[in-house]
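Visitor:
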Amino acid sequence: MKHDRQFDPCYGSPVEIQSGIRRLTAQNPGPFTFHGTNTYLLGTRRLVVVDPGPALPDHTESILKAADGAEIEAILVSHTHVDHSPGARLLQKQTGAPIVGCGPHRAARDLAANEINPLDASGDKEHQPDRQLEDGDLFSAQELSLETVATPGHTANHLCFALEGTDLLLSADHVMAWSTSIVAPPDGNMRDYMASIDTLLSRSEETYLPGHGGLVVKARSYVEDLKRHRLQRETAILDQLRENRKTIPQIVEALYADIDRALHPAAGLSVFAHLEDLCSRDLVTAAPSLTLDATYRLS
Numbered sequence: 016m017k018h019d020r021q022f023d024p025c026y027g028s029p030v031e032i033q034s035g036i037r038r039l040t041a042q043n044p045g046p047f048t049f050h051g052t053n054t055y056l057l058g059t060r061r062l063v064v065v066d067p068g069p070a071l072p073d074h075t076e077s078i079l080k081a082a083d084g085a086e087i088e089a090i091l092v093s094h095t096h097v098d099h100s101p102g103a104r105l106l107q108k109q110t111g112a113p114i115v116g117c118g119p120h121r122a123a124r125d126l127a128a129n130e131i132n133p134l135d136a137s138g139d140k141e142h143q144p145d146r147q148l149e150d151g152d153l154f155s156a157q158e159l160s161l162e163t164v165a166t167p168g169h170t171a172n173h174l175c176f177a178l179e180g181t182d183l184l185l186s187a188d189h190v191m192a193w194s195t196s197i198v199a200p201p202d203g204n205m206r207d208y209m210a211s212i213d214t215l216l217s218r219s220e221e222t223y224l225p226g227h228g229g230l231v232v233k234a235r236s237y238v239e240d241l242k243r244h245r246l247q248r249e250t251a252i253l254d255q256l257r258e259n260r261k262t263i264p265q266i267v268e269a270l271y272a273d274i275d276r277a278l279h280p281a282a283g284l285s286v287f288a289h290l291e292d293l294c295s296r297d298l299v300t301a302a303p304s305l306t307l308d309a310t311y312r313l314s
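In structure tokens form, the structure reads like this:
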């Protein structure tokens with residue numbers, strides 16, 4: 016599928032998306048964060064700050080500078096990865112604003128025997144919201160209202176937020192224009208992710224404000240492409256199993272031969288998520304247990 020990697024982070028300076036909506040990008044670039052985490056400032060006289068990012072004091076100061084004296088009414092958090100939620104606590108110390116949104120960090124499932132969580136360090140275990148939002152909840156602020164859209168998959172507690180009265184959805188890390196999202200068990204779950212893709216396809220929003228990179232435009236068409244891409248990847252993994260490639264490294268070597276080998280571990284996590292889903296549907300078996308180093312076969 017085609018991604019849009021044209022993006023200027025404008026570090027330290029707010030970028031106006033439209034009246035009452037600005038984006039600040041934290042200076043935490045990397046292979047999983049692209050140019051950095053996007054923080055959104057919603058409102059004019061009283062603000063809602065969405066995903067204040069990692070625990071970077073400079074980014075917190077940029078948020079306060081962009082607020083320019085306007086009251087920060089609430090701090091909204093989409094999910095508990097360390098590039099999204101720890102900044103909420105820094106900002107709360109400065110403003111006293113309540114932290115609202117996703118619940119505490121949790122895995123999508125328990126660890127299997129002898130399994131380790133390869134992305135354990137990426138989870139923000141200290142996050143405790145003042146108000147936890149669930150699917151369908153409406154969060155009303157002074158100048159705007161946001162509908163909560165539960166989208167588990169990237170993390171078990173991932174939320175998107177639809178801005179009432181507009182065509183905009185804050186899609187966090189569920190859908191981004193620059194890349195597909197990482198879905199890595201046990202924190203992430205591919206079956207949940209695909210169900211959440213269908214949730215978004217049932218909605219009408221056509222412009223997404225993602226957690227990294229630029230806007231997702233013509234969003235429904237893009238999400239349809241994203242779903243098709245994931246299903247094609249599933250088929251390709253089944254084909255590799257038919258060709259007697261039984262381990263995740265063997266499958267990654269065949270399917271991701273054209274990408275930087277430094278990204279192969281991340282690709283392996285994505286393959287693992289697909290294999291976990293296929294095992295849950297009794298299409299594939301894992302021996303001795305469902306782990307990254309298991310041997311996989313068609314059922």
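In the working numbering, the protein residues as written are 16 to 314.
Every residue gets a Cβ at the ideal spot worked out from N, C-alpha and C, and that includes glycine.
1. Could you please give the first and the last residue of the uninterrupted alpha helix (DSSP H) stretch that includes Arg-104?
2. How would you write the range of the alpha helix (DSSP H) that Leu-159 sits in, first residue to last?
3. Which one of Ala-70, Cys-175 and Ile-36 has the shortest CA to CA distance from Ser-93?
4. Leaving out five residues before and five after Ile-36 in sequence, what residues of the same chain have Cβ atoms less than 7 angstroms from its Cβ?
5. Does the separation of the CB atoms of Ser-186 and Gly-226 fall below 9 angstroms?
6. If we ignore side chains and look at the alpha-carbon of each, how far apart do Val-267 and Glu-31 end up?
7. Tell me the rounded alpha-carbon separation between Ile-131 and Thr-170.
8. Relative to the C-alpha of His-99, which residue among Val-198, Thr-75 and Pro-69 is closest?
9. Between the stretch 138 to 146 and the stretch 107 to 120, are three or more C-beta pairs nearer than 8 angstroms?
10. Kindly list the residues whose CB is nearer than 6 angstroms to the CB of Gln-255, restricted to its own chain and excluding five residues on each side of it in sequence; keep chain order.
11. Quick check: the Cα distance between Arg-60 and Leu-215, rounded to an integer number of angstroms?
12. Distance check for Arg-121 and Ile-78, CA to CA, integer angstroms please.
13. Should Ala-357 and Asp-19 be called a contact, given that it needs their Cβ atoms to be closer than 9 angstroms?
14. Between which two residues does the alpha helix (DSSP H) harbouring Gly-116 extend?
15. Just to confirm the assignment, what range does the alpha helix (DSSP H) spanning Thr-75 have?
16. Please give the ranges of any alpha helix (DSSP H) in the stretch 187 to 216, keeping only runs that are unbroken, at least 4 residues long and fully inside the region.
17. So the beta strand (DSSP E) Ala-89 belongs to, where does it begin and stop?
18. So if DSSP puts Arg-146 in a beta bridge, which residue, or which two residues, is it bridged to?
19. Might you give, ordered along the chain, the residues of its own chain that have their beta carbon closer than 7 angstroms to the beta carbon of Leu-284, omitting 5 neighbours on each side?
Guide: With the structure as the only source:
1. 101 to 110
2. Run containing Leu-159: none; DSSP gives neither H nor E here.
3. Cys-175
4. Residues Tyr-55 and Leu-57 of the same chain have their beta carbon placed closer than 7 angstroms to that of Ile-36, with the five preceding and five following residues left out of the count.
5. Result yes, Cβ atoms of Ser-186 and Gly-226 sit closer than 9 angstroms.
6. Spanning the two alpha carbons is a distance of roughly 40 angstroms.
7. A direct Cα-to-Cα measurement between Ile-131 and Thr-170 gives close to 17 angstroms.
8. Pro-69
9. yes
10. Ile-266 and Ala-269
11. 31 angstroms
12. In a straight line, the C-alpha of Ile-78 is about 28 angstroms away from that of Arg-121.
13. Given a span of 16 to 314 for the chain in the structure shown, any question on residue 357 remains unanswerable.
14. Unbroken run through Gly-116 is the beta strand (DSSP E), 114 to 116; no alpha helix (DSSP H).
15. 72 to 82
16. Every alpha helix (DSSP H) stretch that sits fully inside the stretch 187 to 216 and reaches 4 residues is listed by chain position as 205 to 216.
17. 86 to 92
18. Val-115
19. Pro-133, Ile-197 and Ala-199
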